[in-house]
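A.B. asks: Structure below; questions to follow.
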DNA sequence: GCCGTTTTCGGCCCGACTGTTTTCAGTCG
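In our numbering, the protein residues as written are 140 to 721.
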């Protein structure tokens, strides 16, 4: 047996799907590989075991052919079918799928007719006017391809949740202000609290579509209209993100809201359920017909999204959970958890001040958090090895603890029940040793242990390093466990499942770092952690007071992770938290 | 390639928009 992980197999199956698509294979076959990849992602059991005991074939979405290929991968570490397939496709063609307006058919066409093998070659052919002469292409297609290449060169395509929030709120408010708008909503991956947003989706019900479409396309932040029809318009915002608006009639609103919230995979599963019940589901309604697509007389009356789920034998699925990653099983049994709400948070357990690399003083921080109505706020400035962040040594830490005690005394004298908690974000050094000795750590309220250097260690070395740290009884929380910076830096190599298991075994909590750059631990890993009883701390890792706002944003991600208020430690009031951290 | 109390073959989610056509294929979400 070779060591190949479930994730690696899953990614390889997705690669196969892309390659098959480019070869012009039957789209349903292509999708079978995508489905297989997804089935593996949400698989609970151990892949090697399932291969050897033959239970892999029982997994829905994995049939004879996929089972054989996965078995070959697990047993030998490679797959001949994949190697042959990869060798038969020009590698430069795959990247062309990212260019708007270019799909597999057109890519194949420029490849076969003009011998183009990569984006640079495509750009050259466009400039020489060769592409517009191909059948099915024209001048406009050629210009659009050139524009797409240029745009992608200048901007990335995705934005973080905090950037998306600013735009979404601004446009949402603008739409709400328009007199012809009856109802409007932000849908899409933003409503699902994805950590990274590709484009923004807005939905409006109105009796005057053209007025709203015109209004939307001429909003202040719009730099370019990409396409415009009678019920749909797509624009480019100033900073590069695409925003789509869909217009529907008001009685269609709940159906359209569900449809445009997605995810695509969730929607496909929903429509399949509708078909099984002899119904048809689209953005205009749920119809008692196999063919009718818009007849109001055949529409099953639904006032809310919840009604739609109920009609299909499901309890309400919150938007954040709509990824077709197990939510249907829960909704069938009416077992969707009551997800945590950000208003339940009572404080935070990982933050910085001007003692290390933060902006505000202890007192500014305390006053600000009191105004927000919070009960506690842990001060966990960096430790001495993080010299780039002005980390505290033992002496300064001792002084800070004194200062915090004094400030707490002053607040108490003013009748405030709010408390700053003492603490540190202690560096996990290479080898897993911590940057402070145990007797120092033992005297603090909260110890967060995090990695800030030596990112490039090998997977097993890094895993052992982190496990050693979380086994220290003085460590309460593992901070930003994978070190990723969204859209900037990949996670370091580690076996996250082993780390989760170690946290479970030692009663160490795991952070959901609320910084929009991190949102780490990723929501996809929390079902395993929660199952093993690991508690979550939603921590803004605040470096200035306004970062307290990250708590709201990250609670959306915690909801996506399926977490309840009980599973999040900082929903506890101070008097319930203190016994836990002793 | 997967799947099945209508099926082991013939389906597979669905509709809007664009550009190139002259009724539709390709792309997108």
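Heads up, the beta-carbon is just placed ideally off N, CA and C, and yes, glycines get one too.
Quick check on DSSP: helix, strand or coil for residue 144?
C.D. replies: DSSP places residue 144 in coil when its eight states are reduced to three.
A.B. asks: Should residue 622 go down as buried or exposed, given a rule of 16 or more other Cβ atoms within 10 Å for buried?
C.D. replies: Classification for residue 622: buried.
A.B. asks: Helix, strand or coil, according to DSSP, for residue 199 in the structure here?
C.D. replies: Residue 199 falls in the coil class under three-state DSSP.
A.B. asks: Reducing DSSP to helix, strand and coil, say where residue 557 ends up.
C.D. replies: DSSP places residue 557 in coil when its eight states are reduced to three.
A.B. asks: Identify the residues that DSSP records as bridge partners of residue 341: which are they?
C.D. replies: Beta-bridge pairing links residue 341 to 325, 384.
A.B. asks: Tell me the start and end of each unbroken beta strand (DSSP E) in the region 412-445 that is at least 3 residues and wholly inside, in chain order.
C.D. replies: As far as the region 412-445 is concerned, its whole beta strand (DSSP E) runs of at least 3 residues are 419-421, 424-426.
A.B. asks: Where does residue 542 fall in DSSP's three states?
C.D. replies: Reduced to three states, the DSSP call for residue 542 is helix.
A.B. asks: For residue 155, which residues of its own chain have a beta-carbon under 7 Å away from its beta-carbon, when the five flanking residues on both sides are left out?
C.D. replies: Once the five neighbours on either side are set aside, the close Cβ partners of residue 155 are 172, 221, 224.
A.B. asks: If we ignore side chains and look at the alpha-carbon of each, how far apart do residue 537 and residue 717 end up?
C.D. replies: Approximately 21 Å, taken between the alpha carbons.
A.B. asks: For residue 560, which residues from the same chain have a beta carbon less than 6 Å from its beta carbon, with the 5 sequence-adjacent residues on both sides left out?
C.D. replies: Closer than 6 Å at Cβ, skipping near neighbours: 515, 517, 584, 585.
A.B. asks: Straight-line CA distance for residue 373 to residue 348?
C.D. replies: Each residue's Cα considered, the two are about 14 Å apart.
A.B. asks: For the putative contact between residue 663 and residue 457, defined by C-beta atoms under 8 Å, what is the C-beta separation to the nearest angstrom?
C.D. replies: The pair is not a contact, with the Cβ atoms about 17 Å apart (cut-off 8 Å).
A.B. asks: Would you call residue 341 buried or exposed, if buried means 16 or more other Cβ atoms sit within 10 Å of its Cβ?
C.D. replies: Looking at its Cβ environment, which holds 16 or more other Cβ atoms inside 10 Å, residue 341 is buried.
A.B. asks: Grouping DSSP H, G and I as helix and E and B as strand, with all else coil, what is residue 490?
C.D. replies: Strand at residue 490.
A.B. asks: Between residue 233 and residue 161, what straight-line distance do the alpha-carbon atoms span, to the nearest angstrom?
C.D. replies: Going from the Cα of residue 233 to the Cα of residue 161 covers about 7 Å.
A.B. asks: Mind listing, in chain order, the continuous alpha helix (DSSP H) runs of no fewer than 4 residues lying wholly within the region 543-630?
C.D. replies: You should have 577-581, 598-609.
A.B. asks: Give the DSSP-derived three-state secondary structure of residue 221 in the structure shown.
C.D. replies: In the structure shown, residue 221 sits in a helix (DSSP, three-state: H, G or I).
A.B. asks: Kindly give me the distance between the Cβ atoms of residue 528 and residue 495, rounded to whole angstroms, as I take these residues to be in contact under 8 Å.
C.D. replies: Between residue 495 and residue 528 the Cβ distance is about 5 Å, and since that is below 8 Å, they are a contact.
A.B. asks: Identify the continuous alpha helix (DSSP H) that holds residue 479 and give its terminal residues.
C.D. replies: No alpha helix (DSSP H) holds residue 479; DSSP gives it neither H nor E.
A.B. asks: Which one of 595, 461, 551, 452 has the shortest CA to CA distance from residue 472?
C.D. replies: Of 595, 461, 551, 452, the residue nearest in Cα terms is 452.
A.B. asks: Can you grab the Cα-Cα spacing for the pair residue 619 / residue 625, in whole Å?
C.D. replies: Using only the alpha carbons, I get a separation of about 12 Å.
A.B. asks: Return helix, strand or coil for residue 711, following the three-state DSSP convention.
C.D. replies: DSSP places residue 711 in coil when its eight states are reduced to three.
A.B. asks: Ordered along the chain, which non-local residues of its own chain (more than five positions away) have a Cβ less than 8 Å from that of residue 690?
C.D. replies: For residue 690, where only same-chain residues beyond five positions count, the Cβ hits under 8 Å are 481, 484, 487, 653, 677, 679.
A.B. asks: Looking at residue 345 and residue 319, is the spacing between their C-beta atoms short of 8 Å?
C.D. replies: Going by C-beta atoms, residue 319 is nearer than 8 Å to residue 345.
A.B. asks: Counting C-beta neighbours from all protein chains within 10 Å, is the total for residue 119 16 or more, i.e. buried, or is it exposed?
C.D. replies: No information on residue 119 is available, as it lies outside the stretch 140 to 721 that the chain covers here.
A.B. asks: On the DSSP letters alone, give me the boundaries of the alpha helix (DSSP H) that residue 371 sits inside.
C.D. replies: Careful: residue 371 lies outside any alpha helix (DSSP H), inside the beta strand (DSSP E) at 371-376.
A.B. asks: Could you give the first and the last residue of the continuous alpha helix (DSSP H) run that contains residue 174?
C.D. replies: Here the alpha helix (DSSP H) through residue 174 covers 166-180.
A.B. asks: Reducing DSSP to helix, strand and coil, say where residue 677 ends up.
C.D. replies: Looking at residue 677 - three-state DSSP - the assignment turns out to be strand.
A.B. asks: Grab the span of the beta strand (DSSP E) containing residue 725 for me, first residue to last.
C.D. replies: Outside the shown range of the chain (140 to 721) lies residue 725, about which nothing can therefore be said.
A.B. asks: Taking C-alpha atoms, which residue in 226, 266, 383, 687 lies nearest to residue 499?
C.D. replies: Out of 226, 266, 383, 687, 687 has the C-alpha closest to the C-alpha of residue 499.
A.B. asks: Taking the CB atoms as reference points, tell me whether residue 713 and residue 558 lie closer together than 8 Å.
C.D. replies: Yes, the Cβ-Cβ distance between residue 713 and residue 558 is below 8 Å.
A.B. asks: From which residue to which residue does the alpha helix (DSSP H) around residue 270 run?
C.D. replies: Residue 270 -> no alpha helix (DSSP H), and no H or E assigned at all.
A.B. asks: If we count the other Cβ atoms within 10 Å of its Cβ and call it buried at 16 or more, is residue 353 buried or exposed?
C.D. replies: By the neighbour-count rule (16 or more Cβ atoms within 10 Å), residue 353 is not buried but exposed.
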